[in-house]
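Peer 1: Numbering (the numbering used here), first residue to last: 43 to 149. Structure below; questions to follow.
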Amino acid sequence: MTEINLDVIAGQGRTRNLSGKERGVAARAELGLDTIDQSPDEISVIVPDYVDTISPSFFQGLFSQSIRALDGKEQFLNKYHFVASDSIKRWIEIGIRNASSSRGELI
């Protein structure tokens, strides 16, 4: 399984809150997610313990294209496996829900 560690995006401990759609879009480009979405590999996404929040807008910027490319939530979660605290997983679930709704496409 391929790993993506968000420590790189979080500045190796300098950022505790990942927020903003634009930052999520920039992180998506930095991580090369368009290419990763097309690979057959499953991906383990590591969220460092020091990250307190992943805002739904950041998550949407980072992963809404992936959810669309993979035809929805179920296939997205079959490919991307999140290693994170329970509180971060709740934020991720909100981000997935927002990105999967028609409203999410407008944000």
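Cβ coordinates follow ideal geometry from the N, Cα and C atoms, glycine included.
#1: Is the distance from the Cβ of leucine 60 to the Cβ of serine 97 below 8 Å?
#2: Between the stretch 86-94 and the stretch 116-136, do three or more beta carbon pairs fall short of 8 Å?
#3: Quick one: complete beta strand (DSSP E) runs, 3+ long, within the stretch 105-135?
#4: Pull up the distance between the alpha-carbon of glutamate 72 and that of alanine 52, whole angstroms please.
#5: Which one of Ile46, Gly114, Asp83 has the shortest CA to CA distance from asparagine 140?
#6: If you check the beta carbons only, do leucine 104 and alanine 69 fall under 8 Å apart?
#7: Ends of the alpha helix (DSSP H) at glutamate 17?
#8: Provide the residue span of the alpha helix (DSSP H) that contains isoleucine 78, from first to last.
Peer 2: Taking the coordinates as given:
#1: Contact annotation: leucine 60 and serine 97 have beta-carbon atoms nearer than 8 Å.
#2: Flag = yes, the stretch 86-94 and the stretch 116-136 touch.
#3: Listed in chain order, the complete beta strand (DSSP E) runs (minimum 3 residues) inside the stretch 105-135 are 122-125.
#4: Roughly 12 Å between the two C-alpha positions.
#5: Of the candidates Ile46, Gly114, Asp83, the one whose C-alpha sits nearest the C-alpha of asparagine 140 is Gly114.
#6: The criterion of a C-beta distance shorter than 8 Å is satisfied by leucine 104 and alanine 69.
#7: Lying outside 43 to 149, the shown extent of the chain, residue 17 is not represented and no answer is given.
#8: 75-80 is the span of the alpha helix (DSSP H), which, as asked, contains isoleucine 78.
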